[in-house]
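Residue numbers (our numbering): 15 to 437.
Report on the following structure.
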Amino acid sequence: MLGGSGKAEGKRVALVGGVLIDGTGKDPLENSVVVTNAAVIEEVGRSDKVKLPAGCHIFDVSGKTVMPGMMDLHVHLSLGDEPIVPRGGVMCGLEQSLPMLGIQVFRRARRTLEMGFTTVRDVGDWGYATVALRDAIAGGIVEGPRVLSSGQMITATGGHADLMPLWLERTDDVTNVADGVDGVLKAVRRQVKMHVDWIKFFATGGVMDSYDEQEFTDEEMATLINESHSKGRRVCTHAVQSRGMLAAVKAGVDTVEHGSYLTEEITELMIEKGIYFVPTLYAPFSLVERGSEFGLPQAYVEKARPLLKPHFESFRLAHQAGVKIALGTDAGYTPCPHGTNAFELELMVDNGMSEMESIVAATRTAAEALGLAEKLGTIAQGKWADLIVVDGNPLEEIKTLQREEKIALVMKEGSIFMNRLPD
Ligand SMILES: [Zn+2]
Numbered sequence: 015m016l017g018g019s020g021k022a023e024g025k026r027v028a029l030v031g032g033v034l035i036d037g038t039g040k041d042p043l044e045n046s047v048v049v050t051n052a053a054v055i056e057e058v059g060r061s062d063k064v065k066l067p068a069g070c071h072i073f074d075v076s077g078k079t080v081m082p083g084m085m086d087l088h089v090h091l092s093l094g095d096e097p098i099v100p101r102g103g104v105m106c107g108l109e110q111s112l113p114m115l116g117i118q119v120f121r122r123a124r125r126t127l128e129m130g131f132t133t134v135r136d137v138g139d140w141g142y143a144t145v146a147l148r149d150a151i152a153g154g155i156v157e158g159p160r161v162l163s164s165g166q167m168i169t170a171t172g173g174h175a176d177l178m179p180l181w182l183e184r185t186d187d188v189t190n191v192a193d194g195v196d197g198v199l200k201a202v203r204r205q206v207k208m209h210v211d212w213i214k215f216f217a218t219g220g221v222m223d224s225y226d227e228q229e230f231t232d233e234e235m236a237t238l239i240n241e242s243h244s245k246g247r248r249v250c251t252h253a254v255q256s257r258g259m260l261a262a263v264k265a266g267v268d269t270v271e272h273g274s275y276l277t278e279e280i281t282e283l284m285i286e287k288g289i290y291f292v293p294t295l296y297a298p299f300s301l302v303e304r305g306s307e308f309g310l311p312q313a314y315v316e317k318a319r320p321l322l323k324p325h326f327e328s329f330r331l332a333h334q335a336g337v338k339i340a341l342g343t344d345a346g347y348t349p350c351p352h353g354t355n356a357f358e359l360e361l362m363v364d365n366g367m368s369e370m371e372s373i374v375a376a377t378r379t380a381a382e383a384l385g386l387a388e389k390l391g392t393i394a395q396g397k398w399a400d401l402i403v404v405d406g407n408p409l410e411e412i413k414t415l416q417r418e419e420k421i422a423l424v425m426k427e428g429s430i431f432m433n434r435l436p437d
């Protein structure tokens with residue numbers, strides 16, 4: 015039934031005999047049963063303790079693992095597949111029409127869902143394509159993961175996402191470029207007007223450009239974050255270097271993205287303020303290790319190379335200090351193709367997390383960072399039935415989650431979107 019919708023339609027489904035990883039970090043439960051009823055999880059337990067309701071559809075998942083649908087908190091669905099065009103030229107994706115972008119974001123999101131990611135947060139699109147996608151998926155027009163959209167990224171003049179050269183004819187009224195207190199207020203309100211879920215801004219420059227240590231002033235950041243919060247939006251920030259990252263953390267950002275040069279001062283503040291870290295280890299890794307394969311000039315690969323070690327060390331520092339870490343990849347931006355998101359778990363394990371901790375980062379902690387932990391991220395009675403069945407045990411081999419043929423079933427809010435299980 016690959017590609018079928020398998021709508022829940024009030025039917026009960028029982029997954030019987032699998033190893034249950036519930037997303038809380040607790041030891042796995044062998045020989046488990048999970049019963050879903052329409053969009054929610056009705057019962058969870060050991061198979062000798064749970065009485066299966068009459069008339070439910072039973073899947074035998076012995077030898078397999080049941081776990082929550084994974085979440086990627088850092089994707090760019092507007093980007094991907096095209097060769098990377100470095101700054102100074104037209105940014106990848108921007109040469110396409112908006113309707114084509116809309117088609118592309120749908121295809122990439124669908125691929126991500128099939129690979130076991132039932133929720134994604136898009137942290138910067140073109141033309142609000144992911145706002146439309148979110149609504150189309152939520153409204154049942156197309157199938158895909160749950161999408162939380164940040165719309166367009168807010169950047170300062172000359173900042174990381176100010177992509178158009180000044181000599182191009184343009185007005186100064188570019189939607190995502192903002193300067194000064196009034197400028198950032200307007201930028202936030204424009205995003206809210208377009209019904210974004212999150213606000214994304216740049217605290218620092220990026221790997222590929224000027225290594226700007228701090229993109230917005232302290233005052234601009236505080237205004238941007240306070241205004242977003244007052245409009246009920248959480249805020250994520252791209253932060254590579256320490257200075258701008260510290261300023262964003264002091265100003266009360268909700269999630270720090272990339273965090274290549276974390277310091278002890280920053281990690282302590284993040285813990286104190288309950289700020290989440292989305293490390294995107296995949297981003298610098300792919301840039302350095304696979305950049306050339308994806309058509310990136312060698313000079314750019316070499317520019318990114320010195321970043322890799324400190325970025326990984328930052329992750330280790332945050333993990334050891336006890337910062338809350340949620341999974342994010344940067345899928346679409348660098349050579350991280352959509353659908354390969356689970357590679358991030360392998361990199362987290364390579365850099366000191368246990369397999370279980372990496373799964374918690376992809377499930378419970380990710381749901382907490384999104385403010386959705388009451389409904390998502392763990393498998394428990396009453397939660398939304400977002401779960402996947404994996405052929406094998408990712409606690410023994412974390413790479414299992416990257417293998418398409420091992421993702422045996424994907425369920426989102428009780429609907430089965432992908433199923434390789436024998437009937
Ligand atoms: Zn990004």
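Built from N, CA and C at the ideal position, the CB exists for glycine as well.
Here the alpha carbon of Ser244 sits roughly 25 Å from the alpha carbon of His272.
Within the DSSP secondary-structure output, Pro82 pairs in a beta bridge with Leu401. In this structure, Asp344 has its CB closer than 7 Å to one or more heavy atoms of ligand 1. Between ligand 1 and the CB of Val137, the shortest heavy atom gap is smaller than 7 Å. Distances from the CB of Tyr290 to the heavy atoms of ligand 1 are all 7 Å or more. Counting along the chain, Ser300 sits inside the alpha helix (DSSP H) bounded by residues Tyr296 to Arg304. Taking C-beta atoms as the reference points, Thr171 and Asp193 count as a pair closer than 8 Å. Counting every other CB atom within 10 Å of its CB across the protein chains shown gives Gln166 a total of 16 or more, marking it as buried. With contacts defined as CB atoms closer than 8 Å, Thr126 and Gly428 fail to qualify as a contacting pair. For Tyr314, the shortest separation between its Cβ and any heavy atom of ligand 1 does not lie below 7 Å. Counting C-beta atoms within 10 angstroms of its own C-beta, Ser306 has fewer than 16 neighbours from the protein chains shown and is therefore classed as exposed. Here Glu369 really is in contact with Pro408; their C-beta atoms are around 6 Å apart, less than 8 Å. The three-state secondary structure of Gly31, taken from DSSP, is strand. Within its own chain, the residues whose Cβ lies closer than 7 Å to the Cβ of Ala236, once the five positions on either side in sequence are excluded, are Ala265, listed in chain order.
Judged by DSSP in its simplified three-state form, Thr354 adopts coil rather than helix or strand. Per the Cβ contact rule, the stretch 108 to 120 is not in contact with the stretch 239 to 254 (fewer than 3 Cβ pairs under 8 Å).
The Cβ atoms of Asp226 and Gly309 do not sit closer than 8 Å to each other. With respect to the C-alpha of Ile168, the residue from Lys317, Val424 and Gln205 having the closest C-alpha is Gln205.
Leaving aside the five residues that flank Leu435 on each side, the residues in its chain whose CB is nearer than 6 Å to its CB run, in chain order, Phe73, Ala422 and Leu423. For Val156, the three-state secondary structure derived from DSSP is coil. Scanning the stretch 221 to 258 for uninterrupted beta strand (DSSP E) segments of 3 residues or longer gives 248 to 253, listed from N- to C-terminal end. Note on the stretch 118 to 166: whole alpha helix (DSSP H) runs with a minimum of 4 residues are 143 to 152, in chain order. Beta-carbon to beta-carbon, Asp36 and Val89 are separated by about 25 Å, too far to satisfy the 8 Å threshold. Of Thr231, Gly39, Ser372 and Val48, the smallest CA-CA separation from Val292 is found for Ser372. Only residues of its own chain outside the window of five on either side were considered, and among them Thr218, Glu227 and Tyr275 have a CB closer than 6 Å to the CB of Gln255, listed in chain order.
In this structure, the beta-carbon distance from Ile339 to Thr379 falls below 8 Å. Lys63 is the residue among Ala345, Trp181 and Lys63 whose C-alpha sits nearest the C-alpha of Leu43. Residue side-chain check: Tyr296 keeps its Cβ at 7 Å or more from all non-hydrogen atoms of ligand 1. If you ignore the 5 residues before and after Pro349, its C-beta comes within less than 8 Å of the C-beta of Ile98, Ser300, Leu301, Arg304, Gly305, Glu307, Phe308 and Leu310, all in its own chain and listed in chain order.
Contact between Lys65 and Gly32 is absent: CB atoms are separated by about 18 Å, not below the 8 Å threshold. As computed with DSSP, Trp212 is found in a beta bridge with Arg248.
DSSP places Phe329 in no beta strand (DSSP E) but in the uninterrupted alpha helix (DSSP H) bounded by Gln312 to Ala335.
Comparing C-alpha distances from Ala68 to each of Met129, Ile151 and Val49 shows the shortest one belongs to Val49. In the three-state reduction of the DSSP assignment, Lys287 falls in the helix class. Annotation for Lys207: the continuous alpha helix (DSSP H) segment containing it runs Gly194 to Lys207. With a threshold of 7 Å, the Cβ atom of Tyr275 does not count as near ligand 1, since no heavy atom of the ligand is closer than that.
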